[in-house]
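For reference, the structure discussed in these notes is given below.
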Amino acid sequence: MAFNELEVTAAPKVAEGKGKMLNDESVQVYDNSPPPNSSDLDCEKHGASRQSNPLPDLKRKLKSRHLQMIAIGGTIGTGLFISSGTAIAHAGPVGALIAYMFVGSIVYSVMTSLGEVATYIPIPGAFTSYAARLIDPSLGFAMGWIYWFSWAMTFALELTATGLIIQFWKSDIQIAIFIAVFWVIITLFNFLPVSFYGELEFWFSSIKVITVVGFMIFAICIDAGAGDRGYLGFRYWVDPGPFSPYEGVHPDSTAKFVGFWAVLIQAGFSYQGTELVGIAAGETENPRKTVPSAIRKTFFRILFFFVLTIFFIGLLVPYTNENLLTGGNDANSSPFVIAATLAGVKVLPHIINAVLLTVVLSAANSNVYSGSRILIGLAQEGFAPRWFKRTSKKGVPYYSVAFTAAFGLLGFMNVSNTGSTVFNWLLNITGVAGFITWASLNACHIAFMRALKARNISRDLLPYKALWQPWYAYYGLFFNILIILTQGFTAWIPTFSVTNFFIAYLSLILFVVLYLGHKIIFRTAFVRPIVADIDTGRLALENEMWETVTPTKWYKKLGSAILG
């Protein structure tokens, strides 16, 4: 087995370094002993090129509850609190609901694909390293840089959003002031040890979760008749209807399908961040236990939040409501606020705006963290300067953090009209980057399965064996690629627009240029399964042991079940 679980319940144990008796707890020791396979014997042969290139000295200080909340915090953001309203306006309540469920099934294929690989090889900057080791170094280069750029540019966007959100209370405040203030705060936070980041995200994410659950309770009450409009039920599913026809498309049935398909990218943007579990695996305690648990619990919680939220918004707000299409960044554009306003609740906009501020700050924090760890992976594979791997004594990659955070200053471009135009073009590069990353992760899993087969390693020996794999990875790969290729079809509606075409496909074009450019210059070859490096980073982990305390009291068990 990849690890053995030993439960110790004999004599009371003294916690190391604590001097405290653990009389009411059972202690589990996780022995990460390597599975009996030929890969260990062939490590020197297949991974020799990496032996002189040690992994960066990051610290495994993130706990299971941190890992789960990092993923939730990176996902539940403006995409749910604001953009979900636009999705309902374009696709209708049922169309948007189906779109979010469909994209959720794709995301789960990505998460389980990532989970099986990341628990076997939990290393820093995982995405880039997996692609370079298992498929093609050029793929790791292209995917890593476009994914890093998407996080760096989104950081600048979130900083701009903080100013817009605060303007809700005082419209004459200069946005540039808050871009500067929050840039300094977020940057300094990311120079702290990763345990501080995990704790901050835990509490930020808790606020989001409480808000979403509170809205669901509120929605049930309003739909049952507590608001000014009386009992609603499924009124808006009948009039104006369950599906919204896409403007400029005929006949009506085709227009409704186009409306549904147009929302897929938007739904994908909302789900982006679930893959942060894979990025944080390299800094997580006992990853072979915590990562699978985080993937299972986190994904279904996120799916639960998204699907139910879309469902309730569709019950409370008709897709013809004009405010759903305003496209703003403050509380007035939130479907949560629109629903409350229609119900006659006046105070909610201020509450939602305060929550939006924490949402954006949490997202900005995750942007810098994720971007800096991706830079580490790029440096590890030789795709970025080696000094990006350098860390402080506390395991903070200070060069990577500083370089990623510096791109947040591009938010100042939004202060002027000319700069805003350039900034929006740069931001468009991030639009499809998530789907490109997801497709690459599905492909990495397929290549990982082939590498195991080439070494006669049974999938049954994996620390984490996901449902429906390995075939589920093919499902995710197919639909991710299909969405990437077709998401720009609106450039032809009603007539072809060159500008809209480039906006839709700019990220894909850049990805192809990066991939082909690297391949032509460095003449890289596709990695054969038998020589794929699945050992570097794994063998070191299997020499480590973690001791976890299993709670026995009911309230501790409840806390463990909720928080991981």
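For the sequence shown, full-length UniProt numbering assigns the number 1 to the initial residue and increments by one for each residue that follows.
Think of the CB as a built atom: it goes at the ideal place given N, C-alpha and C, for glycine as much as any other residue.
Q) Are residue 107 and residue 369 close, meaning C-beta to C-beta below 8 Å? A) no
Q) Taking 8 Å as the CB-CB cut-off, is residue 166 touching chain E? A) Judged by its chain identifiers, the structure shown contains no chain E, having just a single protein chain.
Q) Of the choices 501, 486 and 494, whose alpha-carbon is the least far from that of residue 260? A) 486
(Q) Whether or not the stretch 206 to 217 and the stretch 76 to 91 are in contact is what I'm after, with contact meaning three or more pairs of Cβ atoms, one per stretch, closer than 8 Å; do they touch? (A) Contact between the stretch 76 to 91 and the stretch 206 to 217 is present, with at least three C-beta pairs closer than 8 Å.
Q.
Within a Cβ cutoff of 6 Å, which residues of the same chain sit near residue 139, ignoring the five residues on either side of it in sequence?
A. 131
Q. Between 311, 274, 415 and 362, which lies nearest to residue 441 when the distance is taken from Cα to Cα?
A. 274
Q) Thinking C-beta only, is residue 109 closer than 8 Å to residue 649? A) Residue 649 cannot be examined here, being either before or after the span of the chain that is shown, 1 to 564.
Q. Sorted by chain position, which residues of the same chain lie with C-beta nearer than 8 Å to residue 243's C-beta, five sequence neighbours on each side aside?
A. 91, 92, 94, 95, 256, 259 and 260
Q) Would you call the CB atoms of residue 522 and residue 134 closer than 8 Å? A) no
**Q.** Outcome for residue 286 when other beta-carbon atoms lying within 10 angstroms are tallied against a minimum of 16
**A.** buried
(Q) Output needed for residue 44: all residues of its chain with C-beta closer than 6 Å, excluding positions within five of it in sequence on either side, in chain order. (A) Because residue 44 carries a pLDDT of 38, less than 50, the predicted location of this residue cannot be relied on, and no value is offered for it.
(Q) Taking 8 Å as the threshold (C-beta atoms), are residue 112 and residue 439 in contact? (A) Inclusion of residue 439 and residue 112 in the CB contact set at 8 Å is not warranted, their separation being larger than that value.
Q | Presumed contact (8 Å Cβ cut-off) between residue 232 and residue 316, rounded CB distance | A | 7 Å
Q. What's the call for residue 444, buried or exposed, on a 16-neighbour Cβ count within 10 Å?
A. buried
Q. Among residues of its own chain, excluding the 5 on either side of residue 225, which ones have a beta-carbon nearer than 7 Å to its beta-carbon?
A. Closer than 7 Å at Cβ, skipping near neighbours: 231.
Q) Nearest-angstrom Cα distance between residue 199 and residue 366? A) 12 Å
Q: Verify whether the separation of the beta carbon atoms of residue 70 and residue 305 is less than 8 Å.
A: no
Q | Alpha-carbon to alpha-carbon, residue 530 and residue 457 | A | 11 Å
Q: Decide if the stretch 377 to 384 is in contact with the stretch 169 to 187; the criterion is three or more beta carbon pairs, one per stretch, under 8 Å apart.
A: Contact fails: fewer than three Cβ-Cβ distances are below 8 Å.
Q | Same chain, Cβ closer than 7 Å to residue 572, neighbours up to 5 away in sequence not counted | A | With the chain running from 1 to 564 in the structure shown, residue 572 is simply not present.
Q.
If you reduce the DSSP assignment to three classes, tell me which class residue 393 lands in.
A. coil
**Q.** Cα-Cα separation between residue 26 and residue 84, rounded to whole angstroms
**A.** Below a pLDDT of 50, predicted positions are generally treated as unreliable, and residue 26, at 43, falls in that range; the measurement from the model is reported next regardless. About 44 Å.
(Q) Check whether the stretch 474 to 484 and the stretch 156 to 169 touch, using three or more Cβ-Cβ pairs below 8 Å as the test. (A) no
(Q) Considering Cα atoms alone, identify which of 118, 72, 351 and 148 is closest to residue 431. (A) 148
Q.
Within the continuous alpha helix (DSSP H) that includes residue 414, where are the two ends?
A. Counting along the chain, residue 414 falls outside any alpha helix (DSSP H), and DSSP gives it neither H nor E.
(Q) Buried or exposed, going by whether 16 or more other CB atoms sit within 10 Å of the CB of residue 512? (A) exposed
Q | Where residue 245 sits in the DSSP three-state scheme | A | Reduced to three states, the DSSP call for residue 245 is coil.
Q. Alpha carbon to alpha carbon, how far is residue 450 from residue 527?
A. Their backbone Cα atoms lie some 11 Å apart in a straight line.
Q.
Mapping the DSSP letters down to three states, classify residue 148 as helix, strand or coil.
A. Residue 148: helix per DSSP, three-state reduction.
Q: Please name the residue in 105, 397, 389 and 310 whose C-alpha comes closest to that of residue 187.
A: Among 105, 397, 389 and 310, the Cα nearest to that of residue 187 is on 397.
Q | Short Cβ contact (8 Å threshold) for residue 97 with residue 314 | A | yes
Q. Closest by CA to residue 144, which one among 520, 515, 519 and 532?
A. 515
Q: Decide if residue 392 is buried, meaning its Cβ has at least 16 other Cβ atoms within 10 Å, or exposed.
A: exposed
Q: Return the first residue and the last residue of the alpha helix (DSSP H) that residue 235 is part of.
A: 235 to 238
Q: Could you pull out every residue in the same chain whose Cβ sits closer than 6 Å to the Cβ of residue 570, ignoring the five residues on either side in sequence?
A: The requested residue 570 is not part of the displayed model; the chain covers only 1 to 564.
Q) Among 219, 262 and 407, which has the Cα closest to the Cα of residue 343? A) Ranking 219, 262 and 407 by Cα distance to residue 343 puts 219 first.
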